[in-house]
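> Residues in the sequence shown are numbered consecutively from 1, following my numbering. Backbone N, C-alpha and C define an ideal beta-carbon position, used for all residues, glycine too.
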Amino acid sequence: MIKYCKKCLMPSTRPRIMFDKTGVCNACQYKKENIKIDYEKREEELRKILKKNKVKGSKYDCVVPWSGGKDSSYVAYQLKFKYGVNPLLVTFSPLIPSQVGKHNRKEMIKLGFDHIIVTPNEKISSYLSKRFLIERANPKVAWDAGINSIPIKTAMEKKIKLIFYAEHGESHYGGKILNKNSDKIRDINEIFEHQIGDDPKNWIDNIVAEKDIAPYCLPEKKEFNKNKMQAYYFAYFDSWDVNRNYEFIKKKINFKTHEKNRSPGTFTDYDSLDDHIDSIYYHLQYIKFGFGRCWRDASRHVQLNKLKKDKAIKFINEYDHELDDNDLSKTLDYLKMSRIEFFNIIEKHRNKKIWKKSGNKYKLINEPE
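#1: Residues in its own chain within less than 8 angstroms of Y60 by CB, not counting five upstream and five downstream?
#2: Taking the alpha-carbon of D310 as reference, which of K7, I2, T266 has the nearest alpha-carbon?
#3: Determine the DSSP secondary structure at K80, reduced to helix, strand or coil.
#4: Less than 8 angstroms between the beta carbons of I17 and G169, yes or no?
#5: Taking the alpha-carbon positions, what's the Y362 to A76 distance?
#6: Return the Cβ separation of I346 and L284 in integer angstroms, given the expectation that the two are a contact with Cβ distance under 8 angstroms.
#7: Quick one: Cα of A235 to Cα of E167, how far?
#8: Give a yes or no on whether the C-beta atoms belonging to I365 and M1 are separated by under 8 angstroms.
#9: If M156 and N225 are in contact, beta carbons under 8 angstroms, what's the gap, nearest whole angstrom?
#10: Should L111 be labelled buried (16 or more other beta-carbon atoms within 10 Å of its own) or exposed?
#11: What is the residue span of the beta strand (DSSP E) that H115 lies within?
#12: Can you check whether the CB of D327 is closer than 8 angstroms to the CB of K70?
#13: Let me check one thing: in DSSP terms, what residues is Q29 bridge-paired to?
#14: Quick check on the burial criterion: 16 or more other C-beta atoms within 10 angstroms. Buried or exposed for N26?
#15: State the start and end residues of the unbroken beta strand (DSSP E) segment that holds K361.
#16: Just verifying my parser: in three-state terms, what is the DSSP assignment at Y60?
#17: Would you call the CB atoms of I207 and I213 closer than 8 angstroms?
#18: Return the chain-ordered ranges of every alpha helix (DSSP H) run that is complete within the region 98–174 and spans a minimum of 4 residues.
#19: If we ignore side chains and look at the alpha-carbon of each, how far apart do G359 and D275 end up?
#20: So for L323, helix, strand or coil by DSSP?
#21: Could you check the C-alpha separation between F92 and Y319 for me, to the nearest Å?
#22: Rounded C-beta distance between P368 and I313? I'm assuming under 8 angstroms.
#23: On the three-state DSSP scale, how would you describe D71?
#24: Kindly give me the distance between the Cβ atoms of L162 and Q230, rounded to whole angstroms, as I take these residues to be in contact under 8 angstroms.
#25: Looking at the structure shown, is K52 part of a helix, part of a strand, or coil, going by DSSP?
#26: Quick one: residues in its chain with C-beta nearer than 6 angstroms to the C-beta of D324, no 5 flanking neighbours on either side, listed in chain order?
#27: Can you round the beta-carbon distance between P139 and S149 to whole angstroms, since I take them to be within the 8 angstroms contact cut?
#28: Applying the criterion that 16 or more other CB atoms from any shown protein chain within 10 Å of the CB defines a buried residue, is T154 buried or exposed?
#29: Taking D198 as the reference, which of C62, K184, I188, L218 has the closest Cα?
#30: How many angstroms separate the CA atom of N202 from the CA atom of Y127?
#31: Are there 16 or more other CB atoms within 10 angstroms of the CB of F343, so buried, or fewer, so exposed?
#32: Using the DSSP secondary-structure output, state which residues sit across from A231 in a beta bridge.
#33: Using three-state DSSP, classify K21 as helix, strand or coil.
#34: Alpha carbon to alpha carbon, how far is Y246 from W295?
#35: Once the 5 residues before and after K184 are set aside, which same chain residues still bring their CB inside 7 angstroms of it?
#36: Could you tell me how far apart the beta carbons of I287 and A137 are, in whole angstroms, since I believe they sit closer than 8 angstroms?
Structure, rendered in structure tokens:
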């Protein structure tokens, strides 16, 4: 049986989610606790951190890992224009960049930001995406390593001591919180420990050479520690709201949303816009865990009291199973894979413990009420 959060509907199949004795998930518990937070006090703490690390002259004060989306753009804007620091925006290129994503990055840069984008060898990134789709039903494994690696290495190369990420996903959306500061400080040493079991050096084969994995490899731990870098989650200092972030940033730049007025597989149109492979990634999540992009969005909206549960269930039933044909075609071209091969692979990864066949379709063994 799948257990669903009594407040936000997030299922127990979400990796690392936990429920209290009343059936409420840890993400909802975290949101409830945040109501009590004195954000004026936290903002003062942020100002002290920024003042302490302010660099004189023309150097950068911090790095912001930046996709061009609403959340990282909100962080970058606030740091530059509200707090007066000079951030360097760092992007690890999307696998299959969308025109909307390119447009939004260009519009943001017009405001006066410096920006570095790293685009890895497409022959290798495509090969690794296909490999991890086949092995794990996740074409973004290597890309995830790249977005961990590149901002850190860029900061080290330029001797920048501060990095500001958006939010701590494990705290905000339900996951494993390792210590009381997990939602404030990004423990880079923790990243090193987590990546030991998935070291890019293990990806080397007859196609991937050691030189090919450079964008995905973290710096040596001793070199990182020598740099004395600090990494924070901006959301800790801010009353974080992804909808507010979107409403804010669209007033500052000509921020485009999905051209079809909603993104594939969901009811929203302003999130995960920069990569065509994202809708495939969320569909694969749906196959493996029984919840996809719409469920994720609906749950977050319920947590923020912006959507009623009955309306959330309606959206989930209507959109969560969707697989966009345009994004699928672009993804298959990128992966050099046929449709038959793709669908055979994803069926091998379908979680039979949570899905049951009903005629020619699959249904979850139990659904939220």
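Based on what the coordinates show:
#1: Against the sequence shown, residue 60 aligns to sequence position 60. For Y60, where only same-chain residues beyond five positions count, the Cβ hits under 8 angstroms are N86, P87, L88, D114, K158, I160.
#2: Taking the sequence shown and counting its residues from 1, the one referred to as residue 310 is at position 310. The residue with the shortest Cα to Cα distance from D310 is K7.
#3: Reading the sequence shown from its first residue, position 80 is the one you call residue 80. In the structure shown, K80 sits in a helix (DSSP, three-state: H, G or I).
#4: As a position in the sequence shown, residue 17 is number 17, starting the count at 1. As a position in the sequence shown, residue 169 is number 169, starting the count at 1. Not in contact: I17 and G169 (Cβ atoms no closer than 8 angstroms).
#5: In the sequence shown, the residue the question calls residue 362 occupies position 362. In the sequence shown, the residue the question calls residue 76 occupies position 76. Going by the C-alpha atoms only, they are around 43 angstroms apart.
#6: Position 346 of the sequence shown, counted from the start, is the residue given in the question as residue 346. Position 284 of the sequence shown, counted from the start, is the residue given in the question as residue 284. Sure, about 6 angstroms apart at Cβ, within 8 angstroms.
#7: Counting from one through the sequence shown, the residue named residue 235 turns up at place 235. Counting from one through the sequence shown, the residue named residue 167 turns up at place 167. So the two alpha carbons sit approximately 5 angstroms from each other.
#8: Position 365 of the sequence shown, counted from the start, is the residue given in the question as residue 365. Position 1 of the sequence shown, counted from the start, is the residue given in the question as residue 1. Their beta carbons are under 8 angstroms apart, which means I365 touches M1 by this criterion.
#9: The sequence position of residue 156 within the sequence shown is 156, counting from 1. The sequence position of residue 225 within the sequence shown is 225, counting from 1. At roughly 11 angstroms, the Cβ-Cβ gap does not stay under 8 angstroms, so M156 and N225 are not in contact.
#10: Position 111 of the sequence shown holds residue 111. By the neighbour-count rule (16 or more Cβ atoms within 10 Å), L111 is not buried but exposed.
#11: If you number the sequence shown from 1, residue 115 lands on position 115. 114–118 is the extent of the beta strand (DSSP E) around H115.
#12: On the sequence shown, residue 70 is found 70 positions in, with the first residue counted as 1. On the sequence shown, residue 327 is found 327 positions in, with the first residue counted as 1. Contact: no.
#13: Position 29 of the sequence shown holds residue 29. Answer is none; Q29 lacks a bridge partner.
#14: Position 26 of the sequence shown, counted from the start, is the residue given in the question as residue 26. Label assigned to N26: buried.
#15: For the purposes of this step, residue 361 is identified with residue 361 of the sequence shown, where counting begins at 1. Segment 361–364, the beta strand (DSSP E) holding K361.
#16: Here residue 60 is taken as the residue at index 60 of the sequence shown, counted from 1. Residue state, collapsed to three classes: coil.
#17: Translated into positions along the sequence shown, residue 207 becomes position 207. Translated into positions along the sequence shown, residue 213 becomes position 213. No.
#18: 99–109, 122–136, 141–157, 169–173
#19: Residue mapping note: residue 359 aligns to position 359 of the sequence shown, counting from 1. Residue mapping note: residue 275 aligns to position 275 of the sequence shown, counting from 1. About 34 angstroms.
#20: For the purposes of this step, residue 323 is taken as the residue at position 323 of the sequence shown. L323 falls in the coil class under three-state DSSP.
#21: Residue numbering aside, residue 92 sits at position 92 when the sequence shown is read from its first letter. Residue numbering aside, residue 319 sits at position 319 when the sequence shown is read from its first letter. Taking the straight line from one Cα to the other gives about 29 angstroms.
#22: Along the sequence shown, one-based indexing puts residue 368 at 368. Along the sequence shown, one-based indexing puts residue 313 at 313. Sure, about 6 angstroms apart at Cβ, within 8 angstroms.
#23: Within the sequence shown, the letter at position 71 stands for residue 71. Note: D71 maps to helix in three-state DSSP.
#24: If you number the sequence shown from 1, residue 162 lands on position 162. If you number the sequence shown from 1, residue 230 lands on position 230. Indeed they touch by this definition, with Cβ atoms about 6 angstroms apart.
#25: Within the sequence shown, residue 52 is the residue found at index 52, counting from 1. Note: K52 maps to helix in three-state DSSP.
#26: Taking the sequence shown and counting its residues from 1, the one referred to as residue 324 is at position 324. So the list reads P264, S279, once near-sequence residues are dropped.
#27: As a position in the sequence shown, residue 139 is number 139, starting the count at 1. As a position in the sequence shown, residue 149 is number 149, starting the count at 1. Rounded, the Cβ-Cβ distance is 18 angstroms, inconsistent with contact.
#28: Counting from 1 along the sequence shown, the entry for residue 154 is found at position 154. Buried.
#29: Along the sequence shown, read from residue 1 onward, the residue named residue 198 stands at position 198. Ranking the options by Cα distance to D198, first place goes to L218.
#30: Sequence index remark: in the sequence shown, residue 202 carries index 202 (1-based). Sequence index remark: in the sequence shown, residue 127 carries index 127 (1-based). Whole-angstrom Cα-Cα distance: 15 angstroms.
#31: Translated into positions along the sequence shown, residue 343 becomes position 343. Answer is exposed; the Cβ neighbour count stays below 16.
#32: For the purposes of this step, residue 231 is taken as residue 231 along the sequence shown, with counting starting at 1. Partner(s): I163.
#33: Stepping through the sequence shown from its first residue, residue 21 is reached at position 21. If DSSP states are grouped into helix, strand and coil, K21 belongs with coil.
#34: Here residue 246 corresponds to residue number 246 of the sequence shown, with the count starting at 1. Here residue 295 corresponds to residue number 295 of the sequence shown, with the count starting at 1. So the two alpha carbons sit approximately 19 angstroms from each other.
#35: Taking the sequence shown and counting its residues from 1, one reaches residue 184 at position 184. Cβ neighbours of K184 beyond the five flanking positions: Y232, Y233, Y236.
#36: For this step, residue 287 is matched to residue 287 along the sequence shown. For this step, residue 137 is matched to residue 137 along the sequence shown. At roughly 7 angstroms, the Cβ-Cβ gap stays under 8 angstroms, so I287 and A137 are in contact.
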